[in-house]
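Residue numbers for the sequence shown, in this note's numbering: 2 to 109.
The structure appears right after this line, and notes come after that.
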Amino acid sequence: MFKKWSRRSSVSLAIACLTFAVVYLWGPKEASTASFFSSTQQWAVTSDGYNIIARYNFDTQSWALSSWNYGSGYFYYNVPFGTHKAFYLFDDNTQRWTESIYIKDFAL
């Protein structure tokens with residue numbers, strides 16, 4: 002009886018030591034539970050001609066235009082807290098607005 006108990010206790014002790022070693026040696030040094038979106042986002046534009054991006058700010062009721070871009074590229078924009086904006090993509094080849102993005106930050 003004592004021999005069987007001794008074997009069980011040594012196996013349990015070995016498993017406990019191995020678990021402790023794995024968690025202590027290979028575990029994360031620091032962890033954070035906070036997650037957030039970056040304040041800078043990007044809009045990927047695929048095009049074989051000229052395009053321009055217009056931004057309308059509903060808070061200030063103002064328009065802003067990017068410079069004319071030829072071909073594919075990225076348009077970077079900031080998304081601060083409380084933003085209320087719309088983005089529109091104008092394609093010069095088709096002479097029309099082809100895409101839009103509407104962003105409104107709601108308080109939770």
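Virtual Cβ for every residue (Gly too), placed ideally from N, Cα, C.
Every value quoted in this text rests on a predicted model; they were computed, and no experiment measured them.
- Our two residues, ASP92 and ASN70, have alpha carbons roughly 10 Å apart in a direct line.
- Look at SER101 here: in three-state DSSP terms it is strand.
- With contacts defined as CB atoms closer than 9 Å, GLY74 and GLY50 fail to qualify as a contacting pair.
- PHE88 is classed as buried because its beta carbon has at least 16 other beta carbons within 10 Å across all chains shown.
- For VAL12, the three-state secondary structure derived from DSSP is helix.
- Under DSSP, ASN94 takes part in no beta bridge, so it has no partner.
- DSSP, reduced to helix, strand and coil, places SER48 outside both helices and strands of the structure shown, so it counts as coil.
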